[in-house]
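Residue numbers (the working numbering), protein chains in the order written: chain A, 1 to 242; chain B, 243 to 484.
The C-beta atom is built at its ideal place from N, Cα and C for all residues, glycine as well.
Input: a single structure, listed below in structure tokens.
2 protein chains.
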Amino acid sequence: MFDLPPLQATARDDAVLNVLADFVMQEDLKPGDRLPTERVLSERLKVSRTTVREALTRWEGLGLVERRQGSGTYLKAAVSRDMLHLPLTFASGNDFGSLMHTLEIRRGLEAEAAALCALRAGPAELELIRQKLETMEEAFHARAGMSSDEDWDFHQAIYRVSGNPLFEQIISAMHELFHRFWEHPLGVRDFGHASFPYHRTIYERIAARDAEGARSEALKLIATVEADLRRGDANLKRAGNR
Amino acid sequence: MFDLPPLQATARDDAVLNVLADFVMQEDLKPGDRLPTERVLSERLKVSRTTVREALTRWEGLGLVERRQGSGTYLKAAVSRDMLHLPLTFASGNDFGSLMHTLEIRRGLEAEAAALCALRAGPAELELIRQKLETMEEAFHARAGMSSDEDWDFHQAIYRVSGNPLFEQIISAMHELFHRFWEHPLGVRDFGHASFPYHRTIYERIAARDAEGARSEALKLIATVEADLRRGDANLKRAGNR
DNA sequence: ATGCAGAAATTGGTTGGACCATTGTACCAA
DNA sequence: TTGGTACAATGGTCCAACCAATTTCTGCAT
Chain A
1 MFDLPPLQAT ARDDAVLNVL ADFVMQEDLK PGDRLPTERV LSERLKVSRT TVREALTRWE
61 GLGLVERRQG SGTYLKAAVS RDMLHLPLTF ASGNDFGSLM HTLEIRRGLE AEAAALCALR
121 AGPAELELIR QKLETMEEAF HARAGMSSDE DWDFHQAIYR VSGNPLFEQI ISAMHELFHR
181 FWEHPLGVRD FGHASFPYHR TIYERIAARD AEGARSEALK LIATVEADLR RGDANLKRAG
241 NR
Chain B
243 MFDLPPLQAT ARDDAVLNVL ADFVMQEDLK PGDRLPTERV LSERLKVSRT TVREALTRWE
303 GLGLVERRQG SGTYLKAAVS RDMLHLPLTF ASGNDFGSLM HTLEIRRGLE AEAAALCALR
363 AGPAELELIR QKLETMEEAF HARAGMSSDE DWDFHQAIYR VSGNPLFEQI ISAMHELFHR
423 FWEHPLGVRD FGHASFPYHR TIYERIAARD AEGARSEALK LIATVEADLR RGDANLKRAG
483 NR
């Protein structure tokens, strides 16, 4: 049997993306920069605006680009021609099991990010984290409970300082899923309350450049969230709810 | 036949995807099944065919769907409404930085998977892992070096036994990227050689139901890979070869 | 000059219709 | 049965508008 060539029919929109990637490199566009309007691209590349839009839609779906109506299309991530896209998609429901699964992933990544953070944080980065921590602590005392926004800011700062953009990419995607619960604390009063003290201990280990200590504290933090989650699941089951 | 309500507002293509996800679930479509034609969807949803196409283009970019001109659009993966899309993008895996980033992610996940594995592995699962381990060890002695295939089988077994499908999905996607290196060990003789003994120690900690021990051994294993990677990078730089 | 409300231009989002290229199917002839 | 052909269905591309959000410019009042 022959191994016939892959042979592909029409692929204009794909060609558009290649040319566009070249353009981005040539112009040295960085994230946040605006790229040419759809109409300009359409004319320059001698293809219809529809085709340009299909191509950009692909990039948008991959999170490479952000469209703002009335304003333009902006680069959201570094783009190069030889880039690898790994669109992971997995079914994940509102059920306890799925949520626990995402939490387990987060535990692994959170621990690693904290450890790397301890190794790499410079004075400026450390100050940033400290600031996020205090903002969160203030919000905690003001509202007498965890504030998911400020809490999230703190964690994101750690992901960023870790020096590895993949942490933020992966965990952000999962956070979106997790967030639904934060809004509906499923019967657990003060959900996340127990995690509060560990934010500071994590910061302290990072400040001390103690990678293993930071990892350990991060694990403890997630453990408290896991406990809350289990408690919430028990509540639901006891209530016969779903 | 169909139960597709019309829709409005300016989030159409997104709304189309939601409705379409509902439809897929309602009709219980499995991968390989054909979904309604663009023209039918356009009419049923009361939106233009262009909008339908933009929506499907998103799904295609995410690998959820495959389009065949003249034939139709086919489901390529399981789809549900609450699905997590995680489009990871990073520059070509041939540079040291990107590879190190993926390795850091893998370290976090590998450690967590091993720990969970120690908690959850039953006799049958343990036996499976032991078998993969011995196969790998045999291959190692036969070829006097690490065999990437058998090594990978061992790790995959751990991901599976961890009881969380996300581990395998995420790491598998990254492994594809990492694999290029395994084939071209960039000047490091016996790349991965140092990781060999830790496979057994990981297994032993799992068998002993020692979660923290398993986590610790997994970290050591990745550390050896990281060392090899740094060595390879140094080699390349010394050779002036990018 | 300055500040600001409103008009105008810009830009992405949507629509409808048209045509092309590929594929699948039904039918017919050898 | 085999092979080919016409035809219909389907995704791919194109065009020319119009809509909606945003930005920029304009001109008036201060």
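Within chain B, 346, 349, 350 have C-beta atoms less than 7 angstroms from the C-beta of residue 112(A), given in sequence order.
Taking one beta carbon from each stretch, the region 277-290 of chain B and the region 254-268 of chain B have 3 or more pairs nearer than 8 angstroms; the two touch. Distances from the CA of residue 294(B) to each of 319(B), 271(B), 260(B), 435(B) were compared; the closest alpha carbon is that of 260(B). Under the 8 angstroms Cβ criterion, the region 138-152 of chain A does not count as touching the region 436-451 of chain B, having fewer than three qualifying pairs. For residue 442(B), there is no enclosing beta strand (DSSP E); the enclosing alpha helix (DSSP H) covers residues 438-449. When the alpha-carbon of residue 305(B) is set against those of 122(A), 88(A), 224(A), the nearest one is in 88(A). In this structure, the straight-line span from the alpha carbon of residue 80(A) to that of residue 45(A) is close to 19 angstroms.
Taking residue 16(A) as the centre and dropping the five residues before and after it, the same chain places the C-beta of 45, 47, 51, 52, 55 closer than 7 angstroms to its C-beta, in chain order.
If you draw a straight line from the Cα of residue 364(B) to the Cα of residue 452(B), it is about 13 angstroms long. Across the structure, residue 145(A) and residue 396(B) are spaced so that their CA atoms are roughly 44 angstroms apart. The C-beta separation of residue 170(A) from residue 328(B) comes to about 7 angstroms, placing the pair in contact by the 8 angstroms criterion. Between residue 214(A) and residue 124(A), the CB-CB gap reaches or exceeds 8 angstroms.
Proximity of residue 63(A) to chain B, defined by a Cβ-Cβ separation below 8 angstroms, is satisfied. The Cβ atoms of residue 90(A) and residue 368(B) do not sit closer than 8 angstroms to each other. A Cβ-Cβ separation of about 12 angstroms leaves residue 351(B) out of contact with residue 101(A) under the 8 angstroms criterion. In the structure shown, the three-state DSSP call for residue 122(A) is coil. CA-to-CA, the gap between residue 68(A) and residue 31(A) works out to about 15 angstroms.
One finds nothing in chain B with a Cβ atom closer than 9 angstroms to the Cβ of residue 205(A); even the nearest lies about 16 angstroms away. In this structure, residue 416(B) keeps its C-beta atom at 8 angstroms or more from the C-beta atom of residue 371(B). In its chain, beyond the 5 residues on either side, 34, 35, 37 have a beta carbon closer than 8 angstroms to the beta carbon of residue 72(A). With a threshold of 8 angstroms between beta carbons, residue 259(B) makes no contact with chain A. At a cut-off of 8 angstroms between beta carbons, residue 170(A) contacts chain B.
In its chain, beyond the 5 residues on either side, 457, 460, 461 have a beta carbon closer than 7 angstroms to the beta carbon of residue 353(B). Annotation for residue 12(A): the continuous alpha helix (DSSP H) segment containing it runs 12-26.
Within 10 angstroms of the beta-carbon of residue 312(B) lie fewer than 16 other beta-carbons, which makes it exposed.
Distance from the CA of residue 439(B) to the CA of residue 316(B), rounded to the nearest whole angstrom, comes to 46 angstroms.
Under the Cβ distance rule, residue 407(B) counts among the residues neighbouring chain A, one pair being separated by less than 8 angstroms. Using a Cβ-Cβ cut-off of 8 angstroms, residue 90(A) counts as an interface residue toward chain B, since at least one Cβ of chain B sits closer than that to its own. Within the region 287-325 of chain B, the complete beta strand (DSSP E) segments of 3 residues or longer fall at 307-310, 314-317, listed in chain order.
Against chain A, a Cβ distance below 8 angstroms from residue 296(B) picks out 53, 54, 57. Assigned with DSSP and collapsed to three states, residue 87(A) falls in strand.
Neighbours of residue 175(A) in chain B, taken as residues at a C-beta separation under 7 angstroms, are lacking, since the least C-beta distance is about 11 angstroms. Collapsing the DSSP output to three states places residue 271(B) in coil. Put simply, the CB of residue 101(A) is near chain B, with a gap under 8 angstroms to one of its CB atoms. In the DSSP assignment, residue 193(A) falls outside any alpha helix (DSSP H), carrying neither H nor E. The Cβ atoms of residue 233(A) and residue 96(A) lie closer than 8 angstroms to each other.
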